[in-house]
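J.: Dumping the structure here so I can ask a few things about it.
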Amino acid sequence: MKLYSTNNHDLKIDFQSAVFNSMPQDKGLYMPVEIPALEQDFIQHLDRYTLREIAYKVSFALLQDDIPANDLKSIIDDAINFEAPLHPLDEDTYVLELFHGPSLAFKDFGARFMSRVMAYFLKDNEQLLDVLVATSGDTGGAVALGFLGVPNTRVTILYPKGKVSEIQELQLCSNGQNIRAIEIDGTFDDCQHLVKQAFADDELNSKRRLTSANSINIARLIPQTFYYFNAVAQLFRKGKREVVFAVPSGNFGNIAAGLLAYKMGLPVKQFIAATNVNDTVPRFLETGVYETRPSVQTYANAMDVGAPSNWVRIMALFNEQRESVKEMVKSYRYTDEQTVQAIADIYRQFNYVACPHTAIAWLAIQEYQKQQAPADDTFVFLSTAHPCKFPDIFPAEIAAKIDIPEQVNALRQKEKIATAMPVDFDAFKAFLLTAE
Ligand SMILES: *Cc1c(COP(=O)(O)O)cnc(C)c1O
Numbered sequence: 017m018k019l020y021s022t023n024n025h026d027l028k029i030d031f032q033s034a035v036f037n038s039m040p041q042d043k044g045l046y047m048p049v050e051i052p053a054l055e056q057d058f059i060q061h062l063d064r065y066t067l068r069e070i071a072y073k074v075s076f077a078l079l080q081d082d083i084p085a086n087d088l089k090s091i092i093d094d095a096i097n098f099e100a101p102l103h104p105l106d107e108d109t110y111v112l113e114l115f116h117g118p119s120l121a122f123k124d125f126g127a128r129f130m131s132r133v134m135a136y137f138l139k140d141n142e143q144l145l146d147v148l149v150a151t152s153g154d155t156g157g158a159v160a161l162g163f164l165g166v167p168n169t170r171v172t173i174l175y176p177k178g179k180v181s182e183i184q185e186l187q188l189c190s191n192g193q194n195i196r197a198i199e200i201d202g203t204f205d206d207c208q209h210l211v212k213q214a215f216a217d218d219e220l221n222s223k224r225r226l227t228s229a230n231s232i233n234i235a236r237l238i239p240q241t242f243y244y245f246n247a248v249a250q251l252f253r254k255g256k257r258e259v260v261f262a263v264p265s266g267n268f269g270n271i272a273a274g275l276l277a278y279k280m281g282l283p284v285k286q287f288i289a290a291t292n293v294n295d296t297v298p299r300f301l302e303t304g305v306y307e308t309r310p311s312v313q314t315y316a317n318a319m320d321v322g323a324p325s326n327w328v329r330i331m332a333l334f335n336e337q338r339e340s341v342k343e344m345v346k347s348y349r350y351t352d353e354q355t356v357q358a359i360a361d362i363y364r365q366f367n368y369v370a371c372p373h374t375a376i377a378w379l380a381i382q383e384y385q386k387q388q389a390p391a392d393d394t395f396v397f398l399s400t401a402h403p404c405k406f407p408d409i410f411p412a413e414i415a416a417k418i419d420i421p422e423q424v425n426a427l428r429q430k431e432k433i434a435t436a437m438p439v440d441f442d443a444f445k446a447f448l449l450t451a452e
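Here the sequence shown stands for residues 17 to 452, where the numbers follow this note's numbering.
See below:
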C-alpha cells in the first residue's frame, strides 16, 4: 500500500514508514493512494465469515504488498482475540459492543493491531522501540495492554494525576513488564506537551528510537474497519440489509474507518456522527465553516475534542466535497443533561446500561429517525466503552446493574506502580535516558 499526505498529494511513502512516522512532516495525515474494492462475492456473502476471517480479507486487500499473507494472518489472530457482538435492543435497533477487549474500549482494536504490526516490522531491527503516549484515560489503557509483552517494544504512559477513573488508572499502572506509567502532577495538556517536547529533542532522538501510538496512526485506522464489516455480516444473518450506523465521535477516527469500509464496498445506507457539545463537525456540516474551538469538558470525556484530527481523512475520502459528505454523514450534538437522560431512558426502556459516549450515539438515532420518512432501516449504534469505566456518571440504581468484567476484578488484585513527576521536561528526559 502506498500512502500520501493529505497536505501533499505528491508525497508517496510505504506502509512501514507511515506506521513508524505516524504523521507526515507537513502535519497532514497519511491516506491510501488507492482504496481497493473488495470482491462482490465476498461482500454479498459476508455472513459466511467470522470476525477474524473478515479482518484477514479486509487487511489483505490493503496490505498484501506490505505483509505476506501468512504473517498477516498471525497478526490478525493474535490481535483480534475478542468478539464484537451485536446486542439487540428492539426489532430494528442494535448496539455494536466494541468493549470486549482487554482495556474494555474499542481502542483495543487499533492498539492491538498496531502494536503487532510494529513488532513485525521491527524484526530485523535491534534497537528497542520506545513508544510514548499521553492519555486522558482510554488511549493509555488500550496502548498499554496492546503492547504488553510485545517483544522489542517499551511503552511510557503519561497521565494526569487524579484525572482518570479508578479502572483506567489500574489499567495504566498495573502492567509491569515493558509498560511504565508516569503520573504527572498536571493536566492532560501538560502530558501531551511533554511528549511533544520529547519528539523534538535531538539528544533523546539520537539515543532512543521514539514513536508515538496516537490515534492518527494509519495502523490504528485499518483494524477499525473490521467491525463494521462484521456488524453487517451479523445483520445479514438476521435477513437485514439497510443499515444505518451511529458513531460516538471525538477525534473522528472511528467513523473515518467506517467510511473507509464503505469506500471499499461495504453496503451502508447512512452514517451518523454523534458528538457532545464539542461540535466542530456538526457546525461545519450545517454552515460550511470549519472552525475549531478549545475543547470543553463533558461526561463523554473521550470525545472532548475541539479540533478532530481525522476529519481531514473523511474530507479526503469524499474528494473534499462537503455536499457528498453531507449526504453520507449526518451529525448531531448533545449536552451532558441529554446524555444523562439518555442513559436513564435506555436503561428504563431496554434494561441496558450504556456508557455516556454510547448513549450519545443512541440519541442521534432517535433524532435521525424523526427527520426521515419511515423506512425499513436497521440501526446500529457503536458502544465504544464498557460502562464500568465511568462509574461516577451513573445514578446509583443504574450503577448497581453494571456487570464488572473479569478483567477488572483481576486488576484490583494488582499493585499500582507509577512514577510521580512534576510537569518538568528535564525530569521526563532523564527518566527516558536512564535504565534499559
Ligand atoms: C476514543 C473514544 C471515542 C472517540 O473516538 P474517535 O475515534 O476519537 O472519534 C468515543 N468513545 C470512547 C469510549 C473512546 O475511548
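C-beta: ideal position from N, C-alpha, C; glycine also.
(1) Label residue 446 either buried or exposed according to how many other C-beta atoms from any shown protein chain fall within 10 Å of its C-beta, with 16 as the threshold for buried.
(2) Tell me which residue opens and which closes the beta strand (DSSP E) that residue 24 is part of.
(3) Cβ atoms of residue 249 and residue 63: under 8 Å apart, would you say?
(4) Would you mind stating whether residue 245 and residue 83 have Cβ atoms separated by less than 8 Å?
(5) Taking the DSSP output, what are the residues bridged to residue 400?
(6) Within a Cβ cutoff of 6 Å, which residues of the same chain sit near residue 198, ignoring the five residues on either side of it in sequence?
(7) Return the chain-ordered ranges of every alpha helix (DSSP H) run that is complete within the region 255-289 and spans a minimum of 4 residues.
(8) Would you list, in sequence order, the uninterrupted alpha helix (DSSP H) runs of no fewer than 4 residues that lie entirely inside the region 72-107?
(9) Could you have a look at residue 180 and say whether DSSP puts it in helix, strand or coil?
(10) Is there contact between the region 263-283 and the region 145-163, where contact requires at least three CB pairs shorter than 8 Å?
(11) Have a look at 220, 219, 212 and flag the residue whose alpha-carbon is nearest the alpha-carbon of residue 228.
(12) Could you tell me which residues DSSP puts in a beta bridge with residue 414?
(13) Using the three-state DSSP reduction, which class does residue 211 fall into: helix, strand or coil?
(14) Taking residue 223 as part of the alpha helix (DSSP H), name the residues at either end of that continuous run.
(15) Below 8 Å between beta carbons: does that hold for residue 112 and residue 243?
(16) Please classify residue 309 as buried or exposed, where buried requires at least 16 other C-beta atoms within 10 Å of its C-beta.
(17) Quick check on residue 372: does DSSP put it in helix, strand or coil?
(18) My assumption, with CB atoms under 8 Å, is that residue 468 sits in contact with residue 441. Please give the rounded CB distance.
(19) Taking 7 Å as the cut-off, is the CB of residue 267 close to at least one heavy atom of ligand 1?
(20) Does the count of Cβ pairs from the region 358-376 and the region 323-334 closer than 8 Å reach three?
(21) Shorter than 7 Å, the distance from the beta carbon of residue 400 to the closest heavy atom of ligand 1, or not?
(22) Contact check, residue 120 vs residue 391 under 8 Å by CB: the rounded distance?
(23) By DSSP, does residue 363 sit in helix, in strand, or in coil?
T.: This is what the structure holds:
(1) exposed
(2) 24-30
(3) yes
(4) no
(5) Residue 400 pairs with nothing; no bridge assigned.
(6) 174, 435, 437
(7) 269-279
(8) 85-95
(9) coil
(10) no
(11) 212
(12) Per DSSP, none; premise fails for residue 414.
(13) helix
(14) 218-223
(15) yes
(16) exposed
(17) helix
(18) A query on residue 468 cannot be resolved here, the shown segment of the chain reaching from 17 to 452 and no further.
(19) yes
(20) no
(21) yes
(22) The Cβ separation is near 34 Å, so there is no contact.
(23) helix
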